[in-house]
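A.B. asks:
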Amino acid sequence: MKSLSSRSISIILLTVVTGFIQATPQPASGQPRFFYCNSGTRGCPRQHIPCPMECPTTSSPDPGAKLCYVDCEAPHCSVQCRQRKPNCDAPGSACFDPRFIGGDGIVFYFHGKSNEHFSLVSDFDLQINSRFIGHRPAGRTRDFTWIQSLGILFNSQTFSIEATRAATWDSEVDHLKFSYDGQDLVIPEGSLSTWYSPQKDVKVERLSGKNSAIITLKDKAEIMVTAVPVTKQDDKIHSYRLPANDCFVHFEVQFKFFHLSSKVDGVLGRTYRPDFENPAKPGVAMPVLGGENNYRIASLFSTDCNSCIFSPESGSNQETSPGMNYGTLDCTKGASAGYGIVCRK
1 MKSLSSRSIS
11 IILLTVVTGF
21 IQATPQPASG
31 QPRFFYCNSG
41 TRGCPRQHIP
51 CPMECPTTSS
61 PDPGAKLCYV
71 DCEAPHCSVQ
81 CRQRKPNCDA
91 PGSACFDPRF
101 IGGDGIVFYF
111 HGKSNEHFSL
121 VSDFDLQINS
131 RFIGHRPAGR
141 TRDFTWIQSL
151 GILFNSQTFS
161 IEATRAATWD
171 SEVDHLKFSY
181 DGQDLVIPEG
191 SLSTWYSPQK
201 DVKVERLSGK
211 NSAIITLKDK
221 AEIMVTAVPV
231 TKQDDKIHSY
241 RLPANDCFVH
251 FEVQFKFFHL
261 SSKVDGVLGR
271 TYRPDFENPA
281 KPGVAMPVLG
291 GENNYRIASL
301 FSTDCNSCIF
311 SPESGSNQET
321 SPGMNYGTLD
331 CTKGASAGYG
341 IVCRK
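Here the UniProt record's numbering is used: position 7 in the sequence shown is 7, and no number is missing along the way.
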């Protein structure tokens with residue numbers, strides 16, 4: 001009788017477990033249907049967060065696939081289904097010629113000048129610079145410009161990513177060039193190909209086989225980049241009058257910041273300051289913010305602009321904005337999901 005009861009219990013348990021497995025199938029790729037937050041002290045550190053059926057995996061060889069993502073530093077551990085590529089209509093983006101959306105959700109343009117360098121973000125322990133390329137048709141008073149490369153100074157290291165020149169665009173050719181501490185860096189083509197710095201505080205992951213990557217700076221920033229050309233349609237709409245031998249390959253970029261100080265500066269960085277008042281006028285079709293002289297630097301890894309505050313030796317002693325996580329906001333719903341920022345275009 002005792003043996004029969006044990007056998008019955010075993011059968012019942014097996015049935016329950018089988019039913020559970022059938023109710024929560026694993027994706028074909030073998031990836032678990034959980035997002036694991038393995039760092040941080042706020043939000044949901046060291047937790048496994050279930051992924052929804054709409055995006056059951058955290059990685060995929062398909063660059064257009066929606067993936068399971070949780071902002072582990074945010075106050076609430078809510079799951080998002082998102083494509084891992086720059087969203088040019090969200091805060092923290094820098095796209096087109098170039099159009100920025102600041103941390104305050106306001107759209108502005110910063111034209112700079114062709115073949116010059118500008119500081120996008122300057123904080124005590126992080127510096128992100130850019131090189132602009134451009135074209136000035138006859139009769140125009142300024143250059144059309146695009147972001148061609150990014151130079152990053154972080155934890156006594158330098159890292160760069162560059163969009164290489166092309167006469168005509170071929171999506172089967174990779175246009176990304178990487179460097180680390182002054183040496184060319186080879187990151188094999190292929191979706192999810194990954195490289196780490198020796199200290200494991202800089203991570204670079206290809207999001208598709210070619211022309212798209214995500215750079216993660218531990219506890220500081222996440223940078224999504226995609227290399228794109230100026231298309232013939234763009235040329236026609238904006239009257240760029242591009243030469244036949246250059247399609248001006250450039251970057252679409254989206255930044256996600258963690259723990260910026262209240263003194264952060266730079267073309268984009270200033271918009272994350274708690275006391276920043278954006279001079280862009282609401283309702284203006286193309287609000288342009290100047291200040292080239294404040295943000296111009298000598299080279300891709302320079303920190304000599306008038307507004308630069310980068311000082312890695314003292315960075316760890318500086319105050320960060322309390323409780324703020326400068327994430328990727330969803331402006332399709334009008335408000336900012338509790339960040340105190342209103343999305344405006």
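Positions of the beta carbon are idealized from the N, C-alpha and C atoms, including for glycine.
Given 8 Å as the limit, is there contact between the segment 122 to 131 and the segment 77 to 91, that is, 3 or more CB pairs closer than that?
C.D. replies: No: the two stretches stay apart, fewer than three of their Cβ pairs being nearer than 8 Å.
A.B. asks: Between the segment 93 to 108 and the segment 270 to 282, are three or more C-beta pairs nearer than 8 Å?
C.D. replies: Taking 8 Å as the limit for Cβ pairs, the verdict is that the segment 270 to 282 does touch the segment 93 to 108.
A.B. asks: Given a cut-off of 8 Å on the beta-carbon distance, is the pair residue 120 and residue 290 in contact?
C.D. replies: Going by C-beta atoms, residue 120 is not nearer than 8 Å to residue 290.
A.B. asks: Where do the N-terminal and C-terminal ends of the beta strand (DSSP E) with residue 129 fall, by residue?
C.D. replies: Residue 129 -> beta strand (DSSP E) spans 126 to 135.
A.B. asks: Can you tell me which of the three DSSP states residue 117 falls into?
C.D. replies: Reduced to three states, the DSSP call for residue 117 is strand.
A.B. asks: Would residue 362 and residue 199 qualify as a contact pair, given that the criterion is a beta-carbon distance under 8 Å?
C.D. replies: The first residue shown for the chain is 1 and the last is 345, placing residue 362 beyond what the model contains.
A.B. asks: Just reading off the beta strand (DSSP E) that residue 238 is part of, what are its end residues?
C.D. replies: Residue 238 -> not in any beta strand (DSSP E); alpha helix (DSSP H) instead, spanning 232 to 238.
A.B. asks: If you draw a straight line from the alpha carbon of residue 114 to that of residue 297, how long is it in whole angstroms?
C.D. replies: Residue 114 and residue 297: Cα-Cα distance of roughly 13 Å.
A.B. asks: Just to confirm, are residue 361 and residue 55 a CB contact at a threshold of 8 Å?
C.D. replies: Only positions 1 to 345 of the chain appear in the structure, and residue 361 is not among them; the question remains open.
A.B. asks: Would a check of beta-carbon distances place residue 182 closer than 8 Å to chain D?
C.D. replies: Checking the listed chains, one finds no chain D in this structure; it contains a single protein chain.
A.B. asks: With a Cβ-Cβ cutoff of 8 Å, do residue 164 and residue 249 count as a contact?
C.D. replies: Yes.
A.B. asks: With a cut-off of 8 Å, do at least 3 Cβ pairs link the segment 258 to 273 to the segment 185 to 199?
C.D. replies: These segments do not touch.
A.B. asks: With a Cβ-Cβ cutoff of 8 Å, do residue 424 and residue 92 count as a contact?
C.D. replies: In the structure displayed, the chain extends from 1 to 345; residue 424 sits before or after that span and is not available.
A.B. asks: Looking only at its chain, what residues have a beta carbon closer than 7 Å to the beta carbon of residue 209, apart from the 5 residues adjacent to it on each side?
C.D. replies: Once the five neighbours on either side are set aside, the close Cβ partners of residue 209 are 189, 190 and 191.
A.B. asks: Excluding the 5 residues flanking residue 221 on each side, which residues of the same chain have their C-beta closer than 7 Å to its C-beta?
C.D. replies: The answer, listed in chain order, is 126, 255, 256, 257 and 258.
A.B. asks: What is the residue span of the beta strand (DSSP E) that residue 36 lies within?
C.D. replies: From DSSP, the beta strand (DSSP E) with residue 36 extends over 34 to 37.
A.B. asks: Taking all protein chains shown into account, decide if residue 231 is buried (16 or more other Cβ within 10 angstroms of its Cβ) or exposed.
C.D. replies: Looking at its Cβ environment, which holds fewer than 16 other Cβ atoms inside 10 Å, residue 231 is exposed.
A.B. asks: I'd like to confirm the pairing. Which residues does DSSP put opposite residue 160 in its beta bridges?
C.D. replies: DSSP lists 151 and 179 as partners of residue 160.
A.B. asks: What did DSSP end up calling residue 321 once you bin it into helix, strand or coil?
C.D. replies: With a pLDDT of 49 at residue 321, under the threshold of 50, the predicted position of this residue should be treated as unreliable, though the coordinate-derived value follows. Three-state result, residue 321: coil.
A.B. asks: How about residue 171 and residue 162: do their beta carbons lie closer than 8 Å?
C.D. replies: No, Cβ-Cβ distance for residue 171 and residue 162 is not below 8 Å.
A.B. asks: Roughly how many angstroms lie between the CA atoms of residue 97 and residue 227, to the nearest whole one?
C.D. replies: When rounded, the distance between both Cα atoms is 14 Å.
A.B. asks: What whole-angstrom Cβ distance do residue 215 and residue 207 have, given they're in contact under 8 Å?
C.D. replies: That pair is no contact at about 11 Å.
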